[in-house]
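Student: Just passing along the structure, written as structure tokens.
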Amino acid sequence: AQKVTQAQTEISVVEKEDVTLDCVYETRDTTYYLFWYKQPPSGELVFLIRRNSFDEQNEISGRYSWNFQKSTSSFNFTITASQVVDSAVYFCALSEMDSSYKLIFGSGTRLLVRP
Amino acid sequence: SAVISQKPSRDICQRGTSLTIQCQVDSQVTMMFWYRQQPGQSLTLIATANQGSEATYESGFVIDKFPISRPNLTFSTLTVSNMSPEDSSIYLCSVEDSVASSGNTIYFGEGSWLTVV
Numbered sequence: 003a004q005k006v007t008q009a010q011t012e013i014s015v016v017e018k019e020d021v022t023l024d025c026v027y028e029t030r031d032t033t034y035y036l037f038w039y040k041q042p043p044s045g046e047l048v049f050l051i052r053r054n055s056f057d058e059q060n061e062i063s064g065r066y067s068w069n070f071q072k073s074t075s076s077f078n079f080t081i082t083a084s085q086v087v088d089s090a091v092y093f094c095a096l097s098e099m100d101s102s103y104k105l106i107f108g109s110g111t112r113l114l115v116r117p
Numbered sequence: 502s503a504v505i506s507q508k509p510s511r512d513i514c515q516r517g518t519s520l521t522i523q524c525q526v527d528s529q530v531t532m533m534f535w536y537r538q539q540p541g542q543s544l545t546l547i548a549t550a551n552q553g554s555e556a557t558y559e560s561g562f563v564i565d566k567f568p569i570s571r572p573n574l575t576f577s578t579l580t581v582s583n584m585s586p587e588d589s590s591i592y593l594c595s596v597e598d599s600v601a602s603s604g605n606t607i608y609f610g611e612g613s614w615l616t617v618v
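Those protein sequences? They're chains A and B, same order as listed. This note's numbering numbers the first residue of the first sequence as 3 and each following residue consecutively. This note's numbering numbers the first residue of the second sequence as 502 and each following residue consecutively.
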């Protein structure tokens, strides 16, 4: 069965610190997609990244970077030089190819960046 | 990316009433989904809204409680029927956008915050 685990419930850092949000997933499929979303206090879900199971290259986008390791079934997200505006709940999600794009979400990690 | 608009953005509803949430997309999409996020919780899929046919519901969700319409490829509605305080949640519409991106990216609307009193 598919499952996404975000073990960190809440993380608090001081502005400009680097922070890594962990995501571990379980799936029996060989073809799947992994996502990260940001949910600020306003409630909308902001798409950050999609990664397919055949692409293990790490990705960097500005202060954001993602580390995908199939060997450990992890898809971790790092924010470099965090800012107060990064404060939000971050969700990792899994979609299996045979599941018609349904998303299985982790429980989320609340990130608080203090000035 | 697809632009998704939801109405209402927020509402306070009386127990026992029903409310319909609208989801409008600025482009034609095949897959539309409705998710629920209860306070402090993660997101759970309610159903997949299929154009021209009945919605496909996930375990624990039934059509009588959450009727869904999908009259065309850009619009869907979710009704929350006979509401109770336990239905207080954010309801989010999402779409699979395989055109604008390189495929299989799921985008979300801004959500509809319902509080049942």
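Ideal Cβ positions, reconstructed from N, Cα and C, are used throughout, including at glycine. Remember, predicted model here, so these are calculated numbers, not experimental data.
Contact between the segment 520-530 of chain B and the segment 579-597 of chain B is defined here as three or more beta-carbon pairs at a separation below 8 Å; is this criterion met?
Tutor: yes
Student: So, for residue 25 (chain A): in the same chain, excluding its five sequence neighbours on each side, which residues have a beta-carbon less than 8 Å away from its beta-carbon?
Tutor: Excluding residues within five positions, the ones whose Cβ falls inside 8 Å are 6, 7, 8, 36, 38, 76, 77, 78, 79, 94 and 108.
Student: Verify the CB distance criterion: does residue 554 (chain B) have a CB-CB separation below 9 Å to chain A?
Tutor: no
Student: I'd like the list of long-range same chain contacts for residue 617 (chain B), defined as Cβ closer than 7 Å, with 5 residues on each side in sequence excluded.
Tutor: 514, 516, 584, 585, 586, 588 and 589
Student: Taking only the alpha-carbon atoms, compute the straight-line gap between residue 4 (chain A) and residue 608 (chain B) and give it to the nearest angstrom.
Tutor: 21 Å
Student: Under 9 Å between the Cβ atoms of residue 106 (chain A) and residue 20 (chain A)?
Tutor: no
Student: Within the segment 541-603 of chain B, note down every full beta strand (DSSP E) run reaching 3 residues or more, in order along the chain.
Tutor: 544-550, 569-573, 576-581 and 590-598
Student: Could you round the C-beta distance between residue 112 (chain A) and residue 12 (chain A) to whole angstroms and report it? I think they count as a contact, below 8 Å.
Tutor: Between residue 112 (chain A) and residue 12 (chain A), the beta carbon gap of about 4 Å places them in contact (Cβ cut-off 8 Å).
Student: Between the alpha carbons of residue 72 (chain A) and residue 14 (chain A), how many angstroms are there, rounded?
Tutor: 28 Å
Student: Can you tell me which of the three DSSP states residue 6 (chain A) falls into?
Tutor: strand
Student: At the level of alpha carbons, what is the spacing between residue 110 (chain A) and residue 567 (chain B)?
Tutor: Spanning the two alpha carbons is a distance of roughly 25 Å.
Student: To test your reading of the DSSP string, which unbroken beta strand (DSSP E) runs of 3 or more residues are found completely within the segment 3-59 of chain A?
Tutor: 5-7, 12-16, 21-23, 26-28, 34-41 and 48-54
Student: Determine, for residue 107 (chain A), whether the minimum Cβ-Cβ distance to residues of chain B falls below 9 Å.
Tutor: Yes, contact with chain B.
Student: In whole angstroms, what separates the C-alpha of residue 525 (chain B) from that of residue 508 (chain B)?
Tutor: 9 Å
Student: Quick one: does residue 608 (chain B) have its CB under 9 Å from some CB of chain A?
Tutor: Residue contact check for residue 608 (chain B) against chain A: a CB pair falls below 9 Å.
Student: For residue 34 (chain A) and residue 56 (chain A), what's the separation of their Cα atoms in angstroms?
Tutor: 8 Å
Student: Does the beta carbon of residue 612 (chain B) sit closer than 9 Å to a beta carbon anywhere in chain A?
Tutor: So, interface residue.
Student: Here's a check: name, in chain order, each residue in its chain whose Cβ is nearer than 6 Å to the Cβ of residue 547 (chain B), leaving out the five neighbours to either side.
Tutor: 535, 537, 562 and 567
Student: Quick one: is residue 86 (chain A) buried, meaning 16 or more other Cβ sit within 10 Å of its Cβ, or exposed?
Tutor: exposed
Student: Using 8 Å for Cβ pairs, my map puts residue 61 (chain A) next to residue 611 (chain B). What's the rounded Cβ distance?
Tutor: Contact flag wrong, Cβ pair sits at about 26 Å.
Student: Alpha carbons only, please: which of A:104, A:51, A:92 and A:64 is nearest the one belonging to residue 70 (chain A)?
Tutor: A:51
Student: Taking just the CA atoms, how far does residue 99 (chain A) sit from residue 544 (chain B)?
Tutor: 19 Å
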